[in-house]
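What follows is a short report on a single structure.
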Amino acid sequence: MRPFTLNSLYEFMNTIKSGAAPVNDPRFRELLSVAIDLGFISGDSNYTITERGLEFLNAVSNGDSEALHEIFVSSLEPYRRVYELMAKGVTKPSDIIKLTGYNAVIVDLALRLISEVEGVSKGPVVNEEFYSRFESVLLEKYRLLSRRRWSRYVPIQQLLNEVKSELYVPSRLMGRFFEEFVRRWRDKVVLTGAPGTTKGSVEVFGKRYVYIMISLGD
57 MRPFTLNSLY EFMNTIKSGA APVNDPRFRE LLSVAIDLGF ISGDSNYTIT ERGLEFLNAV
117 SNGDSEALHE IFVSSLEPYR RVYELMAKGV TKPSDIIKLT GYNAVIVDLA LRLISEVEGV
177 SKGPVVNEEF YSRFESVLLE KYRLLSRRRW SRYVPIQQLL NEVKSELYVP SRLMGRFFEE
237 FVRRWRDKVV LTGAPGTTKG SVEVFGKRYV YIMISLGD
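Residue numbers (the working numbering): 57 to 274.
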């Protein structure tokens, strides 16, 4: 798996679409190899964008995470294998390395790409399996923290750090998942700030909060 980001690949594909081809640029040649490997560009000297390449451009432009996800699942094996493990609850990079046989660089690239694909979504979270795992761990950690603190109000940042200790979630994706949790549990969640300070606060839907209370009914 060659190194690339979603944004760099998208810009490269748009460069090809415009008719430009700076073949002497080392980065251009590197991304050209990536695009050919993914089946986004034909291997001929005309650099023709394939149907899959056009689907990729449209998916990024439209913020269609689901379509992007399907494209990478079908065209990039490290992405597919890492995603399948994450959906089963295997999220620590060391465990993924052990189970796939990939080196740390490939696993990191795949994890970042999964995060970037989620990040372009203009709608709800598309990785339902991974989100479900996040929700389960968050509720478990909330119970433990609330009992430890003898309070139903738990610092949000501390809660998310506890989740991270068990579940590998890129920071940007963690914020999206937490907002999705608040949206789904809105009738059972109370978010509050701390008078006179924003220290330790977390941004949720454009506002900053320090504590969370979840009504679990137990």
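Yeah, the Cβ is synthetic: ideal placement off N, Cα and C, and Gly gets one too.
DSSP places lysine 263 inside the beta strand (DSSP E), whose first and last residues are 263-265. Rounded to the nearest whole angstrom, the C-alpha separation of valine 146 and isoleucine 152 is 7 angstroms. With 16 or more other CB atoms across the displayed protein chains lying within 10 angstroms of its CB, aspartate 120 is buried. With contacts defined as CB atoms closer than 8 angstroms, leucine 201 and leucine 215 qualify as a contacting pair.
The region 94-171 contains, as complete alpha helix (DSSP H) runs of 4+ residues, the segments 107-117, 121-131, 133-143, 149-156 (chain order).
DSSP places proline 82 in the helix class (H, G or I) of the three-state scheme. Contact check for isoleucine 127 and glutamate 140: beta-carbon distance about 16 angstroms, past the 8 angstroms limit, so the pair fails to qualify.
Per DSSP, reduced to three states, the secondary structure at leucine 223 is coil, with no helix or strand assignment. Looking from the CA of phenylalanine 261, the closest CA among Arg232, Lys255, Val245, Trp241 belongs to Arg232. Per DSSP, threonine 248 is one residue of the beta strand (DSSP E) stretching across 245-248.
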